[in-house]
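If you count the sequence shown from 1, position 330 lands on 329 in numbering that gives the first Met the number 0, and the numbers rise without skipping.
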Amino acid sequence: MSEQHPVVREPATVEIFAAPGSWIESDAVDQCHQVARLDGMIHVAGMPDLHPGKGAPIGAAMTSAILYPFLVGSDIGCGIAVFPFRIKRAVPEKLAARFPDLDQPVDPGDLPGIEIPAGYTDQLGTVGRGNHFVELAKVDDVLDPGHAGRLGLAAGDLVLIVHSGSRGLGERILRAHTETHGAGPATDPPAYLAAHDDAVRWGHLNRRLMAERVAVALGAELGEPVTDVCHNSVEIRDGAYLHRKGAAPGDGHDVLIAGTRGTHSFLVAGHSGHAAGFSVAHGAGRKMSRADALRRGKAKHTVEELRRTAVGSLVVCGDRQLLFEEAPTAYKKIEQVIGDLVVHRLATPVVSTLPLVTYKTADLAPRRGGRR
0 MSEQHPVVRE PATVEIFAAP GSWIESDAVD QCHQVARLDG MIHVAGMPDL HPGKGAPIGA
60 AMTSAILYPF LVGSDIGCGI AVFPFRIKRA VPEKLAARFP DLDQPVDPGD LPGIEIPAGY
120 TDQLGTVGRG NHFVELAKVD DVLDPGHAGR LGLAAGDLVL IVHSGSRGLG ERILRAHTET
180 HGAGPATDPP AYLAAHDDAV RWGHLNRRLM AERVAVALGA ELGEPVTDVC HNSVEIRDGA
240 YLHRKGAAPG DGHDVLIAGT RGTHSFLVAG HSGHAAGFSV AHGAGRKMSR ADALRRGKAK
300 HTVEELRRTA VGSLVVCGDR QLLFEEAPTA YKKIEQVIGD LVVHRLATPV VSTLPLVTYK
360 TADLAPRRGG RR
């Protein structure tokens with residue numbers, strides 16, 4: 000009788016799309032390899048903004064024969080939209096004082112005829128915490144005139160950048176899974192995907208509503224978005240599940256890759272392929288934990304220093320801790336991330352943007368001149 004040997008399954012392949020000198024934490028790479036050992040995993044692609052997350056890397060596209068909700072996370076449908084924004088005079092100090100309170104939800108009764116995905120009305124029209132933001136920016140440099148022209152963008156144009164997701168809806172969807180199955184696979188993939196798709200649609204609606212609220216408050220004309228792409232999602236591709244956590248679709252999509260509130264951001268044309276999970280980066284990527292950023296920031300900066308950035312823009316943020324946690328120094332250099340995408344032929348930069356006013360949370364402190 001022949002001896003039986005266990006079948007040894009090779010782990011999924013892992014590829015990191017970053018230059019040797021780029022800031023990629025070993026913990027993030029280790030998480031990519033941990034994910035690669037999950038049952039059914041096929042390939043893990045780490046973007047140049049890769050950094051550690053809670054149980055799974057952020058800045059990764061992960062392909063598997065099995066659907067894992069925790070690889071998408073709780074903020075399903077989180078993404079970035081860019082809206083043309085026309086206003087007569089863009090004076091940052093005046094505009095910052097007039098920004099609406101995007102922590103207060105809109106009244107669903109004020110939205111006649113709009114179908115709200117999953118009927119979820121809590122937190123509708125709000126930005127949330129963490130790295131979410133709404134930013135009035137100007138197009139600083141045109142890097143691909145032909146593509147920029149097709150998008151209707153020129154140097155000096157104003158745009159409104161909205162980064163947020165599905166708020167409590169996505170959290171509810173993930174919690175319904177993890178309370179029973181933890182980090183295990185979805186037992187009913189079609190049911191999860193249906194709920195997931197509702198959260199993605201909710202995220203798109205939420206970004207649009209916030210853009211409209213800002214336009215009304217500032218007396219501006221709002222154009223149709225030149226891009227609105229989510230970077231926390233899963234799709235079925237070539238018969239497998241392609242999970243994206245902090246990675247945007249990069250196969251023919253225009254994507255705004257966010258820098259920080261004190262640096263450029265870049266709108267790129269993505270053209271990534273199979274090895275990169277058909278994805279591109281979604282931002283600069285953290286290089287400090289929130290705890291480290293808070294500790295180091297308080298030793299180096301005052302709150303007022305963080306409310307006006309090195310590029311002269313203003314930050315509307317009533318949460319002092321968040322100011323430190325989200326300081327520009329807590330993030331990698333966005334130029335390195337974009338450079339890595341270009342070197343690996345995943346994307347072509349189209350325009351860069353520079354912030355004028357970045358909204359994080361409502362600032363209720365009295366302002367000069369008696370305004371609040």
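Every residue gets a Cβ at the ideal spot worked out from N, C-alpha and C, and that includes glycine.
C-alpha gap between residue 9 and residue 63, whole angstroms:
When rounded, the distance between both Cα atoms is 13 angstroms.
When 265, 278 and 261 are compared against residue 250, the one with the closest alpha-carbon
The residue with the shortest Cα to Cα distance from residue 250 is 278.
Throw me the rounded Cβ distance for the residue 260 and residue 327 pair, which I believe falls under 8 angstroms.
That pair is a contact at about 6 angstroms.
Residue closest to residue 333, alpha-carbon to alpha-carbon, out of 257, 146 and 58
Per the Cα distances, 257.
Reduced DSSP secondary structure (H/G/I, E/B, other) of residue 36:
In the structure shown, residue 36 sits in coil (DSSP, three-state: anything other than H, G, I, E or B).
Looking at the strands, I want to know which residues DSSP matches up with residue 255.
Answer is 266, bridged to residue 255.
Would you call residue 30 buried or exposed, if buried means 16 or more other Cβ atoms sit within 10 Å of its Cβ?
Within 10 angstroms of the beta-carbon of residue 30 lie 16 or more other beta-carbons, which makes it buried.
Those residues which DSSP pairs with residue 229 across a bridge:
BP columns for residue 229 point to 78.
Excluding the five sequence neighbours on either side, which residues of its own chain have a C-beta within less than 7 angstroms of the C-beta of residue 91, listed in chain order?
Cβ within range, chain order: 312, 313, 355 and 356.
Taking contact to mean 3 or more Cβ pairs, one atom from each stretch, closer than 8 angstroms, check whether the segment 143–153 and the segment 92–104 are in contact.
With a cut-off of 8 angstroms, the segment 92–104 and the segment 143–153 do not count as touching, because too few Cβ pairs lie within range.
Are residue 324 and residue 283 touching if we call contact CB-CB under 8 angstroms?
Not a contact, by the Cβ cut-off of 8 angstroms.
Could you have a look at residue 244 and say whether DSSP puts it in helix, strand or coil?
Residue 244: strand per DSSP, three-state reduction.
Please look up how many angstroms separate the CB atoms of residue 177 and residue 16, rounded, as I've assumed it's under 8 angstroms.
With 8 angstroms as the limit, residue 177 and residue 16 do not qualify as a contact, their Cβ atoms being about 29 angstroms apart.
Within 10 Å of its beta-carbon, does residue 352 have 16 or more other beta-carbons around it, so buried, or fewer, so exposed?
Flag for residue 352 reads buried.
According to DSSP, simplified to helix, strand and coil, what is residue 84?
Three-state result, residue 84: strand.
Among all the DSSP beta bridges, which residues are the ones paired with residue 132?
Within the DSSP secondary-structure output, residue 132 pairs in a beta bridge with 162.
Judging by CA-CA distance, which residue of 269, 267, 330 and 294 is the nearest neighbour of residue 285?
By alpha-carbon distance to residue 285, the top candidate from 269, 267, 330 and 294 is 330.
Among the residues of its own chain, which have a CB less than 7 angstroms from the CB of residue 350, if the five just before and after it don't count?
The answer, listed in chain order, is 138, 140, 141, 142, 147, 152 and 266.
Residue nearest to residue 60 in terms of C-alpha spacing, selected from 11, 155 and 81
The residue with the shortest Cα to Cα distance from residue 60 is 11.
Quick check on the DSSP output: the beta strand (DSSP E) that includes residue 58 runs from which residue to which?
57–63 is the extent of the beta strand (DSSP E) around residue 58.
In this structure, how does DSSP classify residue 361 when only helix, strand and coil are distinguished?
DSSP, reduced to helix, strand and coil, places residue 361 outside both helices and strands of the structure shown, so it counts as coil.
Drop a sphere of 10 angstroms on the beta-carbon of residue 206, count the other beta-carbons inside from all chains shown, and report buried for 16 or more, exposed for fewer.
Around the beta carbon of residue 206, 16 or more other beta carbons lie within 10 angstroms, which makes this residue buried.
Is the Cβ-Cβ distance between residue 85 and residue 219 less than 8 angstroms?
Yes, the pair counts as a contact, with Cβ atoms nearer than the cut-off.
Beta-carbon gap between residue 204 and residue 280 smaller than 8 angstroms
Contact: no.
Would you call residue 21 buried or exposed, if buried means 16 or more other Cβ atoms sit within 10 Å of its Cβ?
When all chains shown are included, residue 21 counts as buried.
Measuring only the C-alpha atoms, how far is residue 74 from residue 273?
Rounded to the nearest whole angstrom, the C-alpha separation of residue 74 and residue 273 is 25 angstroms.
Please name the residue in 322, 234, 344 and 128 whose C-alpha comes closest to that of residue 307.
Among 322, 234, 344 and 128, the Cα nearest to that of residue 307 is on 322.
Just checking my contact of residue 51 with residue 24 at CB under 8 angstroms: how many whole Å lie between their CB atoms?
Residue 51 to residue 24, Cβ: 6 angstroms. Contact.
Could you tell me the boundaries of the alpha helix (DSSP H) in which residue 333 lies?
Note, residue 333: alpha helix (DSSP H), 333–342.
Indicate the three-state DSSP secondary structure (helix, strand or coil) for residue 296 in the structure shown.
DSSP places residue 296 in helix when its eight states are reduced to three.
Proximity to residue 238 [Cα-Cα], best of 26, 38 and 66:
If we check each option's Cα against that of residue 238, 66 comes out closest.
Please work out which residues of its chain come closer than 6 angstroms, Cβ to Cβ, to residue 361, disregarding the five sequence neighbours upstream and downstream, and give them in chain order.
Same-chain partners within the cutoff: 100, 102 and 317.
Rounded Cβ spacing between residue 246 and residue 46 (contact assumed at less than 8 angstroms)
5 angstroms between Cβ atoms; contact.
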